[in-house]
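Here's the structure we're looking at; comments come further down.
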Amino acid sequence: MAPRPAPHVYRRLLGYLRPYRRLLVCGVSASLAAAAATSGYAWLVGPLLHAVLTGTPVVLGGFTLPGRQLLGVLPLLVVAMAAVKATAAFLQGGWMQRLGQRVMADLRAFLYARLLAQPPAFFEKQHSGELLTRFTADVPLVEFSVTQALSSYVRDGLQILALLVTCLLIDAKLFLVTFVVMPLTVLPVRSFARSLKKVANRSQTSLGALTALTAEQLQALPVVQAYGGTPRALEAFEAESERYLGQMRRSLFLRGAYSPTVEVMGIVGVALAVAWGARAISADPSLSGRLLSFLAAVLLLYQPVKSLSGTLSQVLIGLVAAERLFAVVDAPVPPDEGAEAGPLTRALTLEGLRATYADGREALRGVDLTVPAGARVALVGASGAGKTTLFSVLLGFLPPSGGTVGWDGTPLSQLKPSSVRARMAWVPQEPVLFSGSVRHNLLLGRPEATDTELWEALRLAHAEDFVGALPGGLDEPVGERGARLSGGQRQRLALARAFLCRPSVLLLDEPTSALDAQSEAAVGAGLAALMKGRTVLVIAHRLSTVRDADLIVVLDAGRVVEAGTHAELSARGGRYAQLLGEGAVAA
Ligand SMILES: Nc1ncnc2c1ncn2[C@@H]1O[C@H](COP(=O)(O)OP(=O)(O)OP(=O)(O)O)[C@@H](O)[C@H]1O
Numbered sequence: 033m034a035p036r037p038a039p040h041v042y043r044r045l046l047g048y049l050r051p052y053r054r055l056l057v058c059g060v061s062a063s064l065a066a067a068a069a070t071s072g073y074a075w076l077v078g079p080l081l082h083a084v085l086t087g088t089p090v091v092l093g094g095f096t097l098p099g100r101q102l103l104g105v106l107p108l109l110v111v112a113m114a115a116v117k118a119t120a121a122f123l124q125g126g127w128m129q130r131l132g133q134r135v136m137a138d139l140r141a142f143l144y145a146r147l148l149a150q151p152p153a154f155f156e157k158q159h160s161g162e163l164l165t166r167f168t169a170d171v172p173l174v175e176f177s178v179t180q181a182l183s184s185y186v187r188d189g190l191q192i193l194a195l196l197v198t199c200l201l202i203d204a205k206l207f208l209v210t211f212v213v214m215p216l217t218v219l220p221v222r223s224f225a226r227s228l229k230k231v232a233n234r235s236q237t238s239l240g241a242l243t244a245l246t247a248e249q250l251q252a253l254p255v256v257q258a259y260g261g262t263p264r265a266l267e268a269f270e271a272e273s274e275r276y277l278g279q280m281r282r283s284l285f286l287r288g289a290y291s292p293t294v295e296v297m298g299i300v301g302v303a304l305a306v307a308w309g310a311r312a313i314s315a316d317p318s319l320s321g322r323l324l325s326f327l328a329a330v331l332l333l334y335q336p337v338k339s340l341s342g343t344l345s346q347v348l349i350g351l352v353a354a355e356r357l358f359a360v361v362d363a364p365v366p367p368d369e370g371a372e373a374g375p376l377t378r379a380l381t382l383e384g385l386r387a388t389y390a391d392g393r394e395a396l397r398g399v400d401l402t403v404p405a406g407a408r409v410a411l412v413g414a415s416g417a418g419k420t421t422l423f424s425v426l427l428g429f430l431p432p433s434g435g436t437v438g439w440d441g442t443p444l445s446q447l448k449p450s451s452v453r454a455r456m457a458w459v460p461q462e463p464v465l466f467s468g469s470v471r472h473n474l475l476l477g478r479p480e481a482t483d484t485e486l487w488e489a490l491r492l493a494h495a496e497d498f499v500g501a502l503p504g505g506l507d508e509p510v511g512e513r514g515a516r517l518s519g520g521q522r523q524r525l526a527l528a529r530a531f532l533c534r535p536s537v538l539l540l541d542e543p544t545s546a547l548d549a550q551s552e553a554a555v556g557a558g559l560a561a562l563m564k565g566r567t568v569l570v571i572a573h574r575l576s577t578v579r580d581a582d583l584i585v586v587l588d589a590g591r592v593v594e595a596g597t598h599a600e601l602s603a604r605g606g607r608y609a610q611l612l613g614e615g616a617v618a619a
């Protein structure tokens, strides 16, 4: 994606505020009150101090107060102003924080929804650990740009504006002398912004790489340990961590140097004002009250200016994070539209089907195949022949690069992908379970299923006995990726999940993992029950499955090279017979 200028990104970020306009108006109003109270201080302090010190009367809101009487009124006024300012600041902080949190929750949910709609190819390009940093590191940075920064913009910005206007009204000439240096501050701010953006981008990328590396090593830790790879894993981690620290050091240096630079420029302005003011007072002593007010306003400017300049550097980092978030959000998502697919009643027809991966590798090179409804078709072929790719195309994960797939005669491209998936159940070779309870795992395909239905599915999958024996039954946690269950138990839960979906078409990658004889028998029985009465496409690894299939399709280098029954193909002595001989299909 072409890089966009930061203001564009910020405007887009602020677009997320739209649903919460009322909160924004409340926050800005409270900021206005706080800014007015602060300027009030400056406005009053000069004449009041002048009156107290010299005893001359002062006119306040139409009342003429004698100088001495002010000694009683002054503390009350100061307390009243402070109370207004504190209340307004409290309300403003609360409202703006709430606003920011809501916006961030929306952005996070939007980002997640976009990720969930992406096909597997998207995740091949980016490491999942790196994508996770978008949530864990980038979102909080953006959060700052919207929550605290927005509060700071409104609060400090209004305060600065109000104090500047106060200064101008107190004495226009003094104002010009003091703030003549202001335009000069633009120069360091601009070059600072450019450098900081560059460094922030690099440090976020480096943090992403660090997270990706950590996630991968931890996920595969038993293998890393078994191969004695822990020292190398630590080395790689430390190297990446060093790179990240280097970027952070640069970023912190830039941020650290920025505020003092702006401060020094401000002090130069104040010094000019004092010099000019001192000369003016020596000519006209009545100006002293005005000068005091003016200096009070300038001093009150210090805090909001400092806060705003700190905010600016954080915002720049937040914008870099926002650009990274938007890059994910803007990645095109395949549309989920088209006619609703009904249950398969006639046939699944593949005509000249081709499929090419993003790297240009053509995995299917013109597959012709008809799977009649209710038939069991076994796919066999050497490793890399294209069996899994065929499943990916049927599931809509990989768009065909040529040819068509017909669902009862309707091209798959005209059907809504999610409705086609809802008619299928896919049981991968390695069962995929999530941390959570047995129930949580089963309900994935049909969230509304009752406990009775769950037990029925478990019975059909030959998993009823072992789930019944678990202390928590359906509520028993299965651990991360089902780590607390045996391989055979995991497989049977995956089968029960497929039962619950009541699929019309079953895509099965037959499990061949080294199960002991007893659990293999249980998994086999569950599989047989699942296949009964359904249209089944099974990547077969066992002879019993192949033998029972209505049709055996032999794939080789992305093409169907043979098709027929076990008896026909065995007798032919072609590729199928060769595969049997090589043990690609085991007894
Ligand atoms: N994501 C991918 N990107 C690029 N090429 C891929 C990808 N997945 C698979 N391939 C390639 O496509 C070809 C077919 O792979 P596929 O996984 O469909 O084979 P398979 O028959 O299922 O093999 P196995 O029995 O070993 O699982 C192989 O050459 C493989 O290297």
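Per the numbering used here, numbering through the sequence shown is continuous, rising by one, with the last residue being 619. Idealized CB from N, CA, C, for every residue including glycine.
(message) Buried or exposed, going by whether 16 or more other CB atoms sit within 10 Å of the CB of E274?
(response) exposed
(message) Check for me: the beta strand (DSSP E) holding E508 runs from which residue to which?
(response) Here E508 belongs to no beta strand (DSSP E), and DSSP marks it neither H nor E.
(request) Locate the beta strand (DSSP E) running through P460, then write down its first and last residues. (result) Unbroken run through P460: none, as it is neither H nor E.
(message) So, at 6 Å on beta carbons, what are the nonlocal neighbours of L612 in its own chain, with the 5 sequence-adjacent residues on each side left out?
(response) none
(message) Let me confirm a value: A390 is counted as buried when at least 16 other C-beta atoms fall within 10 Å, else exposed. Which label applies?
(response) exposed
(request) Provide the residue(s) that pair with R591 in DSSP beta bridges, ordered along the chain. (result) D588
(message) Using only CA atoms, which one of A414, E488, R524 and G413 lies nearest to P463?
(response) R524
(request) Could you tell me which residues DSSP puts in a beta bridge with W439? (result) L380 and T442
(request) Just the C-alpha distance for R195 and S223, rounded to the nearest angstrom, thanks. (result) A small fix is needed here, since residue 195 is Leu in this sequence, not Arg. Taking the straight line from one Cα to the other gives about 27 Å.
(message) Strictly closer than 6 Å from CB to any heavy atom of ligand 1: give me those residues in the order they appear in the chain.
(response) E156, Y389, D391, R393, A395, G413, S415, G416, A417, G418, K419, T420 and T421
(request) Please report the residue range of the beta strand (DSSP E) in which V402 lies. (result) The sequence given here places Thr at residue 402; Val does not occur at that position. It spans E394 to P404 - the beta strand (DSSP E) in which T402 sits, taken as one unbroken run.
(message) Could you compute how far the alpha carbon of H494 sits from the alpha carbon of F167?
(response) 40 Å
(message) In whole angstroms, give me the CA-to-CA distance for P98 and Y52.
(response) 49 Å
(message) On the DSSP bridge list, what partners appear for L242?
(response) Looking at the DSSP assignment, L242 forms no beta bridge with any residue, so it has no partner.
(message) Rounding to the nearest angstrom, what Cα-Cα distance links L169 and Q236 in this structure?
(response) It should be noted that the sequence gives Ala, not Leu, for residue 169. A169 and Q236: Cα-Cα distance of roughly 8 Å.
(request) Mind checking who D541 pairs with in its DSSP beta bridge? (result) I571
(request) Identify the continuous beta strand (DSSP E) that holds L430 and give its terminal residues. (result) Element bounds for L430: n/a, residue is neither H nor E.
(message) Classify P152: buried if its beta carbon has 16 or more other beta carbons within 10 angstroms, exposed otherwise.
(response) exposed
(request) Spatial neighbours of P535 within its chain, please: CB distance less than 8 Å, with the 5 preceding and 5 following residues excluded, ordered by chain position. (result) R455, M456, A457 and R566
(message) For R491 and D497, what's the separation of their Cα atoms in angstroms?
(response) 8 Å
(request) Report yes if the C-beta distance between L527 and G558 is below 8 Å; otherwise report no. (result) yes
(request) State yes or no: is the beta carbon of R393 nearer than 8 Å to at least one beta carbon in chain C? (result) No chain C appears in the structure shown, which is made up of a single protein chain.
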